[in-house]
Amino acid sequence: MSLLTITIISAFILGYLFIALESITKINKAAIALFMFVVCWTLYMIDPAPFIQLMHPDFTGGTDGIANFVNGLIEHHLGSTSTTLFFLMGAMTIVEIVDQNGGFDWVRKVMKTKSKRSLLWKIAVMTFILSAILDNLTTSIVMIMILRKLVKNHEDRIIYASLVIISANSGGAFSPIGDVTTIMLWNKGLITAVGVISEILIPSVVSMVIPAAILSTYLKGELNEDEQSNNVLESDADTELLEFDSTKRKIIFCVGVGGLILVPVFKSITHLPPFTGILLVLGTLWIVTEVFYRQMHKHTSKGHTFRKRVSNLLSRIDMSTILFFLGILMAVACLEEIGALTALGQGLNTTFNGNHYMVTGIIGVLSSIVDNVPLVAGCMGMYPVQAVGDMAVDGIFWQLLAYCAGVGGSMLIIGSAAGVVVMGLEKITFGWYMKRITWIAFVGYVAGILSYWAIRTFIFATAM
Numbered sequence: 010m011s012l013l014t015i016t017i018i019s020a021f022i023l024g025y026l027f028i029a030l031e032s033i034t035k036i037n038k039a040a041i042a043l044f045m046f047v048v049c050w051t052l053y054m055i056d057p058a059p060f061i062q063l064m065h066p067d068f069t070g071g072t073d074g075i076a077n078f079v080n081g082l083i084e085h086h087l088g089s090t091s092t093t094l095f096f097l098m099g100a101m102t103i104v105e106i107v108d109q110n111g112g113f114d115w116v117r118k119v120m121k122t123k124s125k126r127s128l129l130w131k132i133a134v135m136t137f138i139l140s141a142i143l144d145n146l147t148t149s150i151v152m153i154m155i156l157r158k159l160v161k162n163h164e165d166r167i168i169y170a171s172l173v174i175i176s177a178n179s180g181g182a183f184s185p186i187g188d189v190t191t192i193m194l195w196n197k198g199l200i201t202a203v204g205v206i207s208e209i210l211i212p213s214v215v216s217m218v219i220p221a222a223i224l225s226t227y228l229k230g231e232l233n234e235d236e237q238s239n240n241v242l243e244s245d246a247d248t249e250l251l252e253f254d255s256t257k258r259k260i261i262f263c264v265g266v267g268g269l270i271l272v273p274v275f276k277s278i279t280h281l282p283p284f285t286g287i288l289l290v291l292g293t294l295w296i297v298t299e300v301f302y303r304q305m306h307k308h309t310s311k312g313h314t315f316r317k318r319v320s321n322l323l324s325r326i327d328m329s330t331i332l333f334f335l336g337i338l339m340a341v342a343c344l345e346e347i348g349a350l351t352a353l354g355q356g357l358n359t360t361f362n363g364n365h366y367m368v369t370g371i372i373g374v375l376s377s378i379v380d381n382v383p384l385v386a387g388c389m390g391m392y393p394v395q396a397v398g399d400m401a402v403d404g405i406f407w408q409l410l411a412y413c414a415g416v417g418g419s420m421l422i423i424g425s426a427a428g429v430v431v432m433g434l435e436k437i438t439f440g441w442y443m444k445r446i447t448w449i450a451f452v453g454y455v456a457g458i459l460s461y462w463a464i465r466t467f468i469f470a471t472a473m
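Be aware that the sequence shown starts at 10, since it is given in the numbering used here, and climbs by one per residue.
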């Protein structure tokens, strides 16, 4: 391994360390990721010839053509990364439109109950379903806001909130649009919508149901009447702030969420990249809301600000998250181009003798410590897609990777975007979660892997 290779890897590790210590350094992880991306590629350009010979032996451009070739490499990786970024931006905007215009009000009404255990199961199932359609980060925010209306006792609410984290990560793992990592794998063509849903659904359900069953033993009794009456008053007050009537809110919900559900269908029919389907849904929803606001403008004499129009809501999209993904994915692309990921993948396979359950299981545990986005991006660079076998499209490795990287993040509260946002909203401490919830999430995680093994061994093997 050359000194330059070691330097690039060290720069990546150092940047990754600062990202992991964001709560201590108070430096936004997006800033570190972008800085790391540029530093890695700048170091690469000091002497790119050996790397090109290693990873692109067919290159015959000579010394004069190296700079143009590297520029082409960066543009290639940027194009691949952009498909994921545009998908995320579109999905985040759609969810923001639906949420801000009252599309999720019905969820709160469905959740209302007196029994604490009944509410727990409703929270688990609703979070699981929504996170398969929306992203797990947005689902977590929506569910915590609903919980605040339904549960006033903070000790009880953090138990519900912990289950929200587990259910959101489990629900996102089996859906091609439910988690950033599954979106990445789907965009890359490593898993298909039908394949991941049919084979990962049951393991994902198992990884949610077992923790929910354990956590239900922590809750007894009923929610008091004062909380129920307060919920009604707060709900009514919130409804008065909405600019659309009930029918229009339902239409917005159906167009937005229904469109998200149909994105995989759009891809299978047109064979266009998934982000084009997302942009189609966003464009349609934008047109629908503009028509509604135009009608309101004609039929009202009041001076509305129309703060919830799409053109205004775009400023609410978390661009720092998008830039973080850009920086981290492009930095990982540099590691791929120096051959580091290939060497790491070969090392893992050698160490575990090609046991994909062990390799992906460890990756899942690691995803609870560090961000799962670069882990999955690294695996995509470490392992080439094969025509047949475990590494083929919808093979055991890629499907297990989707499950493990998504569900594994539930084991620590900092292990997923859902966990981090819930930690901030409900002031859950790292120590409390690790003591009370980590072992529960781990039991569900392992049970899901075992159920996947059983499905692959006794069901799909028999069917083939």
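Glycine residues also receive a C-beta, built at the ideal position from the N, C-alpha and C atoms.
Under the three-state DSSP convention, the category residue i falls into
i: S184; result: coil
i: S89; result: helix
i: S425; result: coil
i: G348; result: coil
i: T226; result: coil
i: M328; result: helix
i: M64; result: helix
i: S320; result: helix
i: S475; result: Absent from the model: residue 475. The displayed extent of the chain is 10 to 473, so no value can be given.
i: F137; result: helix
i: D144; result: coil
i: N362; result: coil
i: V110; result: It should be noted that the sequence gives Asn, not Val, for residue 110. If DSSP states are grouped into helix, strand and coil, N110 belongs with coil.
i: D73; result: helix
C-alpha distance - residue i paired with residue j, whole-angstrom precision
i: I41; j: A182; result: 27 Å
i: I372; j: W50; result: 26 Å
i: Q408; j: I200; result: 7 Å
i: V173; j: P185; result: 20 Å
i: G312; j: G292; result: Caution applies to G312, whose pLDDT of 46 falls short of 50 and renders its modelled position unreliable; the value that the coordinates give is listed next. Straight-line Cα distance between these residues: approximately 26 Å.
i: L357; j: I437; result: 35 Å
i: F333; j: L26; result: 14 Å
i: G81; j: L43; result: 19 Å
i: H365; j: V297; result: 47 Å
i: V452; j: K125; result: 23 Å
i: T3; j: L52; result: Because the chain spans 10 through 473 in this model, residue 3 falls outside it and cannot be assessed.
i: T191; j: W130; result: 25 Å
i: I75; j: T360; result: 36 Å
i: E243; j: I153; result: Caution applies to E243, whose pLDDT of 44 falls short of 50 and renders its modelled position unreliable; the value that the coordinates give is listed next. For E243 and I153, the distance between alpha carbons rounds to 15 Å.
i: Y302; j: D144; result: 27 Å
i: S477; j: I33; result: Because the chain spans 10 through 473 in this model, residue 477 falls outside it and cannot be assessed.
i: A222; j: K121; result: 20 Å
i: R157; j: M432; result: 14 Å
Contacts around residue i, its chain only, beta-carbon distance under 6 Å, and the 5 residues preceding and following it disregarded
i: G387; result: V341, L350
i: Y442; result: I422
i: S176; result: A133, T136, F137, M217
i: L401; result: It is Ala, not Leu, that sits at residue 401 in the sequence shown. Closer than 6 Å at the Cβ level, and outside the excluded window around A401, lie Q395.
i: I446; result: S171
i: G268; result: V290
i: G418; result: N178, S376, S377, N381, G424, S425
i: N239; result: Residue confidence for N239 is low, a pLDDT of 49 falling below 50, so the modelled location carries little weight and cannot support an answer.
Beta bridge counterpart(s) of residue i as assigned by DSSP
i: Q395; result: A401
i: S179; result: S179 pairs with nothing; no bridge assigned.
i: E231; result: S124
Cut-off 7 Å between Cβ atoms - residues of its own chain near residue i, not counting five sequence neighbours on either side
i: L63; result: G348
i: S323; result: The residue asked about is misnamed: residue 323 is Leu in this sequence, not Ser. Excluding sequence neighbours, L323 sits near T102.
i: G286; result: V272, F275, K276
i: V47; result: none
Cutoff 8 Å; reference residue i; Cβ partners in own chain excluding five residues on either side
i: S207; result: none
i: R258; result: N110, G111, G112, D114, L251
i: I55; result: L13
Supposed contact pair residue j and residue i - C-beta distance, whole angstroms, cut 8 Å
i: M98; j: I261; result: With 8 Å as the limit, M98 and I261 do not qualify as a contact, their Cβ atoms being about 19 Å apart.
i: L159; j: M339; result: Not confirmed; about 42 Å, so no contact.
i: I209; j: A411; result: 6 Å
i: G336; j: M45; result: 6 Å
Near the ligand NAP: residue i beta-carbon under 7 Å from a heavy atom
i: L323; result: For the ligand NAP, the structure offers nothing, since it holds no ligand at all.
Interface flag, residue i vs chain D, CB-CB below 8 Å
i: V189; result: Looking for chain D here will not work: only one protein chain is present.
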